[in-house]
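Undergrad: Numbering (my numbering), first residue to last: 36 to 613.
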Amino acid sequence: MSTFNGLLAEFPDIRGEHMASNPSLFVYCSAATREILLRLETVACRINYAQGILEARQLSYKHLRNLLKPLPLDTPVELELEPGNHIQVTLLDANHCPGAVMFLFEGQGKAALYTGDIRSEPWHVNAIARSPSMVQYAYGLKTLDTIYLDTSFIEDIEFPTKAQGISELLDKISRYPPNTIFHFQAWTYGYEDVWVALSKALESRVHVDEYKMGIYQSLLAKDSGNKRGFGVLHHLSPEAPALVGFMRGNSYHPGCLTLDENVRLHSCEKGNYCKTVRENPIVQIHPVLTHLRNGEDLPELGIGGGGDDLEHDEEQEHLSEVQIQMVTKFIRWLEKSAEKVELLPLESFASGSKIEIGLELLTSGADNKTALLNFLQDLINKSKSQIALERSMLAAHNAAEGSLPSLITFPYSRHSSYAELCHLVDVFKPKDVWPNTVNPREWLEQGITIEHLFGKHCSGNSFRHDKLMEEMFGMREQPILISDDSQSTASHPASSRHTPSSPAPQVVDSWDGTTIAPNLNLEGSFSQISVQSEASFDMRTHAFYLMLDNAMNNAGHDIGLISTRDHHTNKEVELGET
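1. Nearest-angstrom Cα distance between S272 and T484?
2. How many Å lie between D180 and A277 at the Cα?
3. Could you name each continuous alpha helix (DSSP H) segment of 4 residues or more that falls completely within the segment 210 to 243, going from the start of the chain to the end?
4. Flag this pair as yes or no: are the beta carbons of H218 and V312 separated by less than 8 Å?
5. Would L204 and I443 qualify as a contact pair, given that the criterion is a beta-carbon distance under 8 Å?
6. For the structure I just gave you, are there three or more beta carbon pairs, one from the segment 38 to 48 and one from the segment 145 to 152, closer than 8 Å?
7. Could you give the distance in angstroms between the alpha-carbon of P440 and the alpha-carbon of S209?
8. Below 8 Å between beta carbons: does that hold for G142 and Q123?
9. Looking at C-alpha atoms only, which residue of A164, D413, L43, L116 is the closest neighbour of D109?
10. With a CB to CB cut of under 8 Å and the five nearest residues on each side skipped, what residues in its chain are close to Y453?
11. Could you spell out where the beta strand (DSSP E) holding D128 opens and where it closes?
12. Measuring only the C-alpha atoms, how far is L60 from P213?
13. If you check the beta carbons only, do E335 and L327 fall under 8 Å apart?
14. On the three-pair Cβ rule with 8 Å, is the segment 64 to 80 touching the segment 119 to 138?
15. Measure the C-alpha to C-alpha separation of M510 and M504 and round it to an integer number of angstroms.
16. R499 to R154, Cα distance in whole Å?
17. Quick one: is T77 buried, meaning 16 or more other Cβ sit within 10 Å of its Cβ, or exposed?
18. By Cβ distance below 6 Å, which residues in the same chain neighbour T125 in space, the five residues on each side in sequence not counted?
19. Leaving aside the five residues before and after P289 along the sequence, list all residues of the same chain whose C-beta is less than 7 Å from its C-beta, in chain order.
20. Measuring only the C-alpha atoms, how far is Q93 from R240?
21. In or out: A570 buried (at least 16 other Cβ within 10 Å) or exposed?
22. So H321 and Q220 are in contact, right, with Cβ under 8 Å, and what is the actual spacing, rounded?
23. Are L292 and H270 closer than 8 Å when you measure CB to CB?
24. If I follow the unbroken beta strand (DSSP E) through H131, where does it start and stop?
25. How would you write the range of the alpha helix (DSSP H) that P446 sits in, first residue to last?
26. Among the residues of its own chain, which have a CB less than 8 Å from the CB of V231, if the five just before and after it don't count?
27. Could you please give the first and the last residue of the uninterrupted alpha helix (DSSP H) stretch that includes H269?
28. Restricting to Cα atoms, I'd like to know which of D295, L268, F463 is closest to L176.
29. Buried or exposed for N471, please, with buried defined as at least 16 other CB atoms from any protein chain shown within 10 angstroms of its CB.
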């Protein structure tokens, strides 16, 4: 999930992904993004509407209708930020999902490329490089100051291309009998090409629920001057004609998506399955990131956001085997702990699951501890029984179908692999790279830096993100302990300039047995720091560690007044003092 706060050092007057922080500003995006965004609903609202509980759809972003300003792709557009302050913006396809774009910002002698979520396959990088707006940067006539890069995946793991993944999928489904019914779990946007390929291969349209159909039909806009209901149709994304149809002369030619349930291929929503899916044996199709060498699949697990745009896990009422192990570990810690349970850290052991727990179990108090332990133990027992039942049913189904599996997985990542990111950076050779997705704790433990990841592909040798990490954490000389039975060899050199006089925070023991430094949430801190004096930075860093020591150890340090703009960084003189 992106941790980028939207601030670009080169252009401080603009901000990306700012809707939550300031919903009164104009939002520039692609036309497809605007139409999709205005129709988004939460899972609960769209399920309740489908079941007749709600009389009208509850649109999450309808209040932005007058603020969303669509821009065309591959077209430099000059925007006036304020009188006399202009910037040129170009939208470029991101190969991620309908409407997803990169932003090229130019002006005031600066240039920056913000990728957002991107799948930079080789063909896609070549297409960007030949774009009229990017040719100068691809061939060294100009240099990008910074690429703000989608760093969702920085492990050195190979991802097959989307075409290779689709080819594997089509080969697998070709082995099934012609009357087999498939259900493709498209949990978010970005799998439209899979629908088209499956529809063509199976010679069947794809049944979707009304919510999905409405979303994709919004990408098909009619001429506003047409009052008879037919005429020229404008497609807001390249996928739209194949999905929801087009006009052939005066005749409408439908796309591959349909509301008709009597087809072989389905992508209707979990919790609102159609009768065909509910009452017939189904072969499930699930996308994964890649097949690992040990034979396991690497799931995406909602990386990059959008985890329940089109699908959700409301029907999952039990834990996986890995989650059972995590819950068991948590129970052991809870039984030994003498402290009150302030909050059950569900996200720590049930990532990807939505287990309903009564509110009374989440509140503080010793009386709830026994109830919480009983609930978790019952959950484990139920999960183990459910897993055994599912395995038995799967084995019986596979035997009846001649050993053909009831679950098909295929590699199809909507985000770039590390090798693909390196290729993208190498083609444009920017001065610097700023990561859009960062796990500070993981980066610190493993010694991950921008210089190490992308330095050899950049034209510059100074990396702002590395400097920020060093300034905030570089004084930590000792290695960080990862677990009680193993130690990390990763450490960071001490900073020669920013060493606080107060002691560094002590490590603490967490419920999962790890010994770690305090988990600092830096999503709001990982921004481009304005120019400030060395003295003011020292004071802020010093105050930062004093606050941590106060919070964790009740140290009682006196913290002076601090200003974000350095106006009041120095302690004020009290009245009567000279």
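The C-beta atom is built at its ideal place from N, Cα and C for all residues, glycine as well.
TA: Concretely, from the data shown:
1. In this structure, the CA atom of S272 is about 37 Å from the CA atom of T484.
2. The C-alpha of A277 is placed about 38 Å away from the C-alpha of D180.
3. Correct list: 227 to 237.
4. For H218 and V312, yes; Cβs fall inside 8 Å.
5. In contact: L204 and I443 (Cβ atoms closer than 8 Å).
6. The segment 145 to 152 and the segment 38 to 48 touch, with three or more beta-carbon pairs separated by less than 8 Å.
7. Rounded to the nearest angstrom, the two C-alpha atoms are 13 Å apart.
8. Note that the C-beta distance between G142 and Q123 is below 8 Å.
9. The candidate whose alpha carbon is nearest that of D109 is A164.
10. Closer than 8 Å at Cβ, skipping near neighbours: F188, I189, E190, D191, I192, L488.
11. Where D128 is concerned, the enclosing beta strand (DSSP E) stretches over 120 to 128.
12. Spanning the two alpha carbons is a distance of roughly 53 Å.
13. The Cβ atoms of E335 and L327 lie no closer than 8 Å to each other.
14. Touching, per the Cβ criterion.
15. Here M510 scores only 41 on pLDDT, less than 50, and its place in the model should not be relied on; the value that follows carries that caveat. C-alpha separation (whole angstroms): 10 Å.
16. So the alpha carbons of these two residues sit roughly 24 Å apart.
17. Burial is judged here by how many other beta carbons sit within 10 angstroms of a residue's own beta carbon; T77 has fewer than 16 and is exposed.
18. Same-chain partners within the cutoff: P111, L139, S168.
19. The residues G280, in chain order, have a CB closer than 7 Å to that of P289 in the same chain once the five nearest residues on each side in sequence are set aside.
20. Spanning the alpha carbons of Q93 and R240 requires a straight line of approximately 29 Å.
21. Caution is warranted here: a pLDDT of 44 is assigned to A570, below 50, making its placement in the model unreliable, and the coordinate value is therefore given only provisionally. The residue is exposed, with fewer than 16 neighbouring Cβ atoms inside 10 Å.
22. Contact holds; Cβ gap of about 5 Å.
23. Against a cut-off of 8 Å, the Cβ pair of H270 and L292 comes out as no contact.
24. Run containing H131: none; DSSP gives neither H nor E here.
25. Here P446 belongs to no alpha helix (DSSP H); instead the beta strand (DSSP E) covers 442 to 446.
26. Excluding positions up to five away in sequence, the list reads E274, A277, L278, C291.
27. Run containing H269: none in the alpha helix (DSSP H); it sits in the beta strand (DSSP E), 268 to 270.
28. Put simply, of D295, L268, F463 the residue whose alpha carbon is nearest the alpha carbon of L176 is F463.
29. Buried: at least 16 other Cβ atoms inside 10 Å.
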